[in-house]
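Protein chains in written order, with my numbering: chain A, 1 to 402; chain B, 1001 to 1298. All C-beta atoms, glycine included, are put in the ideal place defined by N, C-alpha and C. These figures come from a predicted structure and were not determined experimentally. All remarks here apply to the structure that follows.
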């Protein structure tokens, strides 16, 4: 039986359902000057989303509210405010179990409150997209940018991508659905950015045409049955594994966990095609490399410019996807480097830890500079770290007491 | 989903498990007058259960599944506990995700099904224990009612945490000595049926599962009212015979004792005005249909 193509037909709002490769790569782009929050709205406008659940928490509240306007305009099938992030992520799960394309946003303490849901999403193979606009989670209360929550998300089985700019964000929201809804992937995506730096600053972003949208989600391509009573089988199993304490039960759970992580691995080929690689590199033949993700990459670019003025050549590796982790790509890109500088916006340095766990010659890896709690990262402190690493004197930027 | 959808391809028929073949051939899908009397005469939606021998919860499961007005288009949402040991056996789609989030999951599910099937009936029924409904999940239970989400919440009230071994719960009676209540529970049984009324539920029943015909009636009412009007709540006493020191054959008597006048599970029913009108309308239509059928025969 032939299934008719939806390409060229229109969705509930009259947007033309477009081949996503044409829409993302070939369709004309319009430069627009928007905040990151507005960019999230514009991407969701074109994503053919069925259900969005919102909850206020800084710095994602504006984006979540703007998506509500999309619902009012008829671009989203249903939209409501949940009662907490734990509930919201469960509501998202229910909607995804029911075969909807689901979108939500959270940040910082909200991510942590919702955390029990994320491994459940992955284990249930729900391709929900959750925007994470990272902020501090510590006490005393902080609402400032800080990426520590990504360290937790990386262990959930979700795909985890880290956007540097609003343009990344725009493209990756749309491309993210295309990757996470692939039948051999079918996993949730945590699409992270650094709160405020991306959400609350304006940038010029090239938007795809407003009358084009992604093809709708087809829940019957899922590797597990959609819970809508339209999809056999209706009797799931004869022996629930939860109540057994025997080898076959352990083996079932173990193999399912392995399958979830294998699905994340299988996302590589799709992600490489959509994002043009899991990492982006510049001058990796240089002796010194900055390796980072998120807005720390932008600060790295500035540091590289400052050092170039002094005749010091530094290369750059931007990591786009943290899960799947681009181990092979990083090994290749760093093979000439004798100094690997890892600037991060969090206190523990989770990216440096991850790099040390996977790259050879870990003495090359400098876990810093690191800022946290909302501190900015002036390019000068990256410059200072690099100069220190290669044994150059540098001016003291701030007194450390003596 | 029509029964045709689950029909097994002739080429694959013989390799499907016998209970699945039986389900397709003999389940009471698509039967308008299905009910508890079908139990034992046609294929039930619960093949077997993994509860203790004589557990009243197993009876409750059979009565509820037999009473669902539209099982071929019903999705159930469960939670962690004894019920989650049964759900994998149930022959309608059911979701278990976490402990206590069942009404949040059902909210998202119901909305997704409404977006995807705007012209179809898709019932959603939550079935969870009292720990999930009243303790860890109370926030999400109430918020779903505040939002007037159109699904039924059924609480299997066994007045304790059964699956973890008999710990104190909010629906436990005051003074009961249990694990984590070493000197007896210090506060009253939470009055969730009253709270449900204040929270906007349109149909609320508090009873035991001693009488299958009663369970059938209240389940049908709860599902039909939730479908058309708004949230409904059933609190059903399913005593944990193991944890209250009873034998397998004593569950029914325990329920009969608990439903006597002035006991805590004496039958109580609340119906909102719009729900009353709906039930009257359904009854009138059924009467007309019966009269028309009678006329056709005579």
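Spatial distance of residue i from residue j (CA atoms)
i	j	result
residue 99/A	residue 1159/B	35 Å
residue 1079/B	residue 1098/B	6 Å
residue 120/A	residue 388/A	45 Å
residue 1136/B	residue 1151/B	20 Å
residue 1291/B	residue 1282/B	14 Å
residue 1190/B	residue 1239/B	17 Å
residue 216/A	residue 1125/B	27 Å
residue 1115/B	residue 152/A	33 Å
residue 166/A	residue 340/A	26 Å
residue 384/A	residue 343/A	12 Å
residue 1250/B	residue 350/A	58 Å
residue 4/A	residue 229/A	23 Å
residue 116/A	residue 19/A	35 Å
residue 149/A	residue 1211/B	52 Å
residue 81/A	residue 105/A	11 Å
residue 67/A	residue 199/A	14 Å
residue 1237/B	residue 256/A	36 Å
residue 333/A	residue 142/A	36 Å
residue 401/A	residue 206/A	In this prediction, residue 401/A scores a pLDDT of 49, lower than 50, which makes its location untrustworthy; the coordinate-derived value is nonetheless stated afterwards. One C-alpha to the other measures close to 47 Å.
residue 1199/B	residue 1233/B	11 Å
residue 1297/B	residue 1003/B	29 Å
residue 113/A	residue 1016/B	43 Å
Option in the options with minimal Cα separation from residue i
i	options	result
residue 107/A	126/A, 138/A, 80/A, 123/A	138/A
residue 194/A	387/A, 114/A, 60/A	60/A
residue 1219/B	1009/B, 1065/B, 1275/B	1065/B
residue 1073/B	1122/B, 1106/B, 1025/B	1122/B
residue 1108/B	372/A, 51/A, 315/A	51/A
residue 1203/B	1279/B, 1166/B, 1131/B	1279/B
residue 263/A	110/A, 171/A, 183/A	183/A
residue 78/A	62/A, 95/A, 295/A, 315/A	95/A
Within-9 Å CB hit, residue i to chain A
i	result
residue 1115/B	yes
residue 1097/B	yes
residue 1161/B	no
residue 1014/B	no
residue 1101/B	yes
residue 1271/B	no
residue 1107/B	yes
residue 1242/B	no
residue 1028/B	no
residue 1283/B	no
residue 1278/B	no
Residue-chain proximity (residue i, chain B), Cβ-Cβ < 9 Å
i	result
residue 67/A	no
residue 117/A	yes
residue 87/A	yes
residue 228/A	yes
residue 95/A	yes
residue 251/A	no
residue 403/A	The requested residue 403/A does not occur in the structure, where chain A is confined to residues 1 to 402.
residue 73/A	no
residue 54/A	no
residue 168/A	no
For residue i, the residue or residues it bridges with in DSSP
i	result
residue 1271/B	1203/B
residue 260/A	None; residue 260/A has no bridge partner.
residue 315/A	289/A
residue 194/A	134/A
residue 1039/B	1042/B
residue 1161/B	1167/B
residue 163/A	Answer by DSSP bridge pairing: none, since residue 163/A is not bridged.
residue 103/A	52/A, 129/A
residue 344/A	370/A
residue 284/A	Answer by DSSP bridge pairing: none, since residue 284/A is not bridged.
Extent of the continuous beta strand (DSSP E) run through residue i
i	result
residue 221/A	No beta strand (DSSP E) contains residue 221/A, which DSSP labels as neither H nor E.
residue 337/A	From DSSP, residue 337/A is part of no beta strand (DSSP E); its letter is neither H nor E.
residue 1127/B	1123-1129
residue 80/A	78-81
residue 32/A	30-35
residue 428/A	There is simply no residue 428/A to check, as chain A begins at 1 and stops at 402 in what is shown.
Alpha helix (DSSP H) segment containing residue i, residue limits
i	result
residue 1026/B	1018-1026
residue 54/A	Not the alpha helix (DSSP H): residue 54/A falls in the beta strand (DSSP E), residues 51-54.
residue 169/A	166-180
residue 1155/B	First-last for residue 1155/B: 1152-1157, but that is the beta strand (DSSP E), not the alpha helix (DSSP H).
residue 22/A	Careful: residue 22/A lies outside any alpha helix (DSSP H) and carries neither H nor E.
Chain E contact for residue i (CB, 9 Å cutoff)
i	result
residue 181/A	No chain E appears in this structure, whose protein chains are A and B.
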